[in-house]
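Trainee: Just so it is clear: in the sequence shown, position 68 is 82 by this note's numbering, and no numbers are missing. We treat Cβ as the ideally placed atom computed from N, Cα and C, and that holds for glycine. If you scroll down you'll find the structure; I have some questions about it.
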Amino acid sequence: MKNIIAVILAAGRGTRMKSDTPKVMHEILAKPMISHVVDSVGGAGVKSIILVTGFGSDKVQEFFKGTDVKAVLQKKLLGSGDAVNTARGQISKFAKGDCLVVYGDTPLIKSQTIKRLIEKHAASSSSLTLLTAVLKNPTGYGRIIRTPEGRIVKIAEEDEAKTYKKEIKEINVGTCIFRCEDLLEALGKIKPENTKKEYYLTDAVKIFSDSGKKIESITIEDLDEMIGVNSRVELAKAVACVKTRILDELMMSGVTIQDPSTTTIYPDVKIGKDSVIYPNTIIESGVKIGENCHIGPFARLRPGTEVKDKAEVGNFVELVRTKVGENTKVKHHTYLGDATVGKNVNIGAGTITANYDGKNKSKTIIGDGAFIGVGTILIAPVKIGKKALTGAGTVILKGRNVKDGAIAVGVPARILEKRISERRKS
Ligand code: UD1
Ligand code: CA
Numbered sequence: 015m016k017n018i019i020a021v022i023l024a025a026g027r028g029t030r031m032k033s034d035t036p037k038v039m040h041e042i043l044a045k046p047m048i049s050h051v052v053d054s055v056g057g058a059g060v061k062s063i064i065l066v067t068g069f070g071s072d073k074v075q076e077f078f079k080g081t082d083v084k085a086v087l088q089k090k091l092l093g094s095g096d097a098v099n100t101a102r103g104q105i106s107k108f109a110k111g112d113c114l115v116v117y118g119d120t121p122l123i124k125s126q127t128i129k130r131l132i133e134k135h136a137a138s139s140s141s142l143t144l145l146t147a148v149l150k151n152p153t154g155y156g157r158i159i160r161t162p163e164g165r166i167v168k169i170a171e172e173d174e175a176k177t178y179k180k181e182i183k184e185i186n187v188g189t190c191i192f193r194c195e196d197l198l199e200a201l202g203k204i205k206p207e208n209t210k211k212e213y214y215l216t217d218a219v220k221i222f223s224d225s226g227k228k229i230e231s232i233t234i235e236d237l238d239e240m241i242g243v244n245s246r247v248e249l250a251k252a253v254a255c256v257k258t259r260i261l262d263e264l265m266m267s268g269v270t271i272q273d274p275s276t277t278t279i280y281p282d283v284k285i286g287k288d289s290v291i292y293p294n295t296i297i298e299s300g301v302k303i304g305e306n307c308h309i310g311p312f313a314r315l316r317p318g319t320e321v322k323d324k325a326e327v328g329n330f331v332e333l334v335r336t337k338v339g340e341n342t343k344v345k346h347h348t349y350l351g352d353a354t355v356g357k358n359v360n361i362g363a364g365t366i367t368a369n370y371d372g373k374n375k376s377k378t379i380i381g382d383g384a385f386i387g388v389g390t391i392l393i394a395p396v397k398i399g400k401k402a403l404t405g406a407g408t409v410i411l412k413g414r415n416v417k418d419g420a421i422a423v424g425v426p427a428r429i430l431e432k433r434i435s436e437r438r439k440s
């Protein structure tokens, strides 16, 4: 979709968050709210994305540094119309195209919905296509005013909506798409004539209608999509909603989640089919888990972790930046950080990698078929060879690599050349 520019409005301070962090930078499962919106817009196929920033603009810009997302600064918060006008220069470059507007404080909007809006807009060749919703309680939202024939003629914001005799239940979600030329013309005509003395973007609707321009709409199906986040209570509701979406999607793809109410899986996690996630497990962003794995209960898999097919990660195990090979078992009370563990390895209960010496993080490598005894401490950097064995309570000092098939015992570890079982054989 080359000829669409998206403008995401994110200048508001979010006073009710009571925070030094701009509202849109508050996180939903380790990802700023605004980033959820940007991903939905990107997921709908829109390539050019402009963020209108204001309060805490530097924090927002810092986050998107190095990406294609561009930020413009709205110096004074004069309303949503003024916010879009801040991106005028960029919108002008798409003079023959369309401008999608999304509010940065509705982080649950889905790509499919944005796609549907874009498609309707294109198919109906309208000047403006709005996303609307029908609510039992429309208080606080802009109300969609239609003629008896159903033509949209204006949006009445809260103050004005009160003057209508009949209560109007159809509201403006905020996401909408304009023909750029028409938008630019309308922006010049919007006046701050309301109790808030703000430039309302929604006044463009009446301007369009008065000049005979076509306005269309689609109605949102899932009302969760329009949850606005204005306080930390609403933020928690948005988190709950994103959590459910992620778990539902994984279950639909063939993953068993034994207790969704105590399981948290962050965005961008991949889990193969027939894997089982036990209660009270946390799996953070970017983690990859293969097929037929058993994870938890009470496991925490942090970013950079990859677990191959048929592996088991049990209770009170924390993994970070760690690879666990096929059919390997890490079943009880273990911390592995910056470790690469081969296949068919058994990691005994209470095994700990000492990966951080206060300055640097170092790697631990454990070869295929190794057997790590209970309570082993591996002071990184260290390498344990294939089929090597460590005795219970062994402390392997930094750099004291254990060769393939060798055995290490004691504190600090003494390294014997052959695993006992193999010596017995010979
Ligand atoms: C807005 C809509 C309303 C709609 C509702 C949906 C207007 C005038 N009204 O009302 O029709 O039902 O959203 O949630 O648009 N912003 C800026 N700069 C500003 C002002 C706002 O960037 O100067 C941003 C805010 O950060 C926010 C968005 O625009 O992301 C909407 O502004 P807000 O003040 O929250 O409008 P609402 O009163 O919620
Ligand atoms: Ca709002």
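If contacts are defined as beta-carbon pairs under 8 Å, then Ile232 and Leu131 qualify, I think. What distance do you get, rounded to the angstrom?
Mentor: Yes, they are in contact, since the Cβ atoms of Ile232 and Leu131 sit about 6 Å apart, within 8 Å.
Trainee: Check Thr100 in the structure and name its three-state DSSP category.
Mentor: Residue state, collapsed to three classes: helix.
Trainee: If Thr342 and Val359 are in contact, beta carbons under 8 Å, what's the gap, nearest whole angstrom?
Mentor: Confirmed, Cβ separation roughly 4 Å.
Trainee: Any contact of the segment 69 to 83 with the segment 289 to 301, i.e. 3+ C-beta pairs under 8 Å?
Mentor: As far as the Cβ criterion goes, the segment 69 to 83 does not touch the segment 289 to 301, which means the pair count is below three.
Trainee: May I ask you to report which of helix, strand or coil DSSP gives Leu261?
Mentor: Note: Leu261 maps to helix in three-state DSSP.
Trainee: Give the DSSP bridge partners of Asn329, in chain order.
Mentor: Answer is His346.
Trainee: Taking buried to mean at least 16 other C-beta atoms within 10 Å of its own C-beta, is Met47 buried or exposed?
Mentor: Looking at its Cβ environment, which holds 16 or more other Cβ atoms inside 10 Å, Met47 is buried.
Trainee: What residues are listed by DSSP as bridge partners for Cys190?
Mentor: Answer is Val115 and Leu144, bridged to Cys190.
Trainee: Verify whether the separation of the beta carbon atoms of Lys401 and Phe385 is less than 9 Å.
Mentor: Yes. Within cutoff.
Trainee: Using 10 angstroms around the beta-carbon of Arg193, count the other beta-carbons present and answer buried if the total reaches 16, otherwise exposed.
Mentor: That one is buried.
Trainee: Run through DSSP, which three-state label would Lys129 get?
Mentor: Of the three classes helix, strand and coil, the one that applies to Lys129 here is helix, per DSSP.
Trainee: So what does DSSP say about Ser245, is it helix, strand or coil?
Mentor: Coil at Ser245, not helix or strand.
Trainee: Could you give the DSSP three-state label for Phe222: helix, strand or coil?
Mentor: In the structure shown, Phe222 sits in a helix (DSSP, three-state: H, G or I).
Trainee: With H, G and I counted as helix, E and B as strand and the rest as coil, what does DSSP make of Val21?
Mentor: Val21 falls in the strand class under three-state DSSP.
Trainee: Kindly list the residues whose CB is nearer than 6 Å to the CB of Lys203, restricted to its own chain and excluding five residues on each side of it in sequence; keep chain order.
Mentor: Ile221.
Trainee: Just to check, is the beta-carbon of Lys176 closer than 8 Å to a non-hydrogen atom of ligand 1?
Mentor: Result no, Cβ not under 8 Å from ligand 1.
Trainee: Based on the DSSP secondary-structure assignment, which residues constitute the bridge partners of His308?
Mentor: Partner(s): Val290 and Glu326.
Trainee: For Lys61, count the other beta carbons within 10 Å of its own beta carbon; 16 or more makes it buried, fewer makes it exposed. Which is it?
Mentor: Result: exposed.
Trainee: To the nearest angstrom, report how far apart Asp173 and Ile191 are at their CA atoms.
Mentor: Those two C-alpha atoms are separated by around 25 Å.
Trainee: Quick check: the Cα distance between Phe108 and Pro395, rounded to an integer number of angstroms?
Mentor: Their Cα atoms are separated by approximately 54 Å.
Trainee: Following the continuous beta strand (DSSP E) through Ile62, name the residue where it begins and the one where it ends.
Mentor: The question names Ile, but residue 62 is Ser in the sequence shown. Segment Ser62 to Thr67, the beta strand (DSSP E) holding Ser62.
Trainee: With the cut-off set at 9 Å, would you say Ala175 and Pro152 are in Cβ contact?
Mentor: Against a cut-off of 9 Å, the Cβ pair of Pro152 and Ala175 comes out as a contact.
Trainee: Less than 8 Å between the CB of Gly318 and some heavy atom of ligand 2, yes or no?
Mentor: Checking the Cβ of Gly318 against ligand 2 gives no.
Trainee: Quick check on the DSSP output: the alpha helix (DSSP H) that includes Ile83 runs from which residue to which?
Mentor: It should be pointed out that residue 83 corresponds to Val in this sequence rather than to Ile. No alpha helix (DSSP H) contains Val83, which DSSP labels as neither H nor E.
Trainee: Quick one: does the C-beta of Gly242 sit closer than 8 Å to a heavy atom of ligand 2?
Mentor: True, at least one ligand heavy atom lies under 8 Å from that Cβ.
Trainee: Of the residues Asp217, Glu212, Asn208 and Asp196, which one's Cα is nearest the Cα of Lys228?
Mentor: Closest option to Lys228, Cα to Cα, is Asp196.
Trainee: Name the two residues that bound the continuous beta strand (DSSP E) containing Ile48.
Mentor: Counting along the chain, Ile48 falls outside any beta strand (DSSP E), though it belongs to the alpha helix (DSSP H) covering Met47 to Gly57.
Trainee: Using a Cβ-based criterion (distance less than 8 Å to any ligand heavy atom), does Gly70 qualify as near ligand 1?
Mentor: Outside the cutoff, so no.
Trainee: Can you have a look at Tyr117 and say buried or exposed, based on whether 16 or more other CB atoms are within 10 angstroms of its CB?
Mentor: The residue in question, Tyr117, is buried, as its Cβ has 16 or more Cβ neighbours within 10 Å.
Trainee: Is it buried or exposed, Asn374, if we count other Cβ atoms within 10 angstroms and call 16 or more buried?
Mentor: Burial call: exposed.
Trainee: Pick out whichever of Gly381, Lys284, Arg157 and Ile429 has its Cα sitting closest to the Cα of Gly268.
Mentor: When each option's Cα is compared against that of Gly268, the closest is Lys284.
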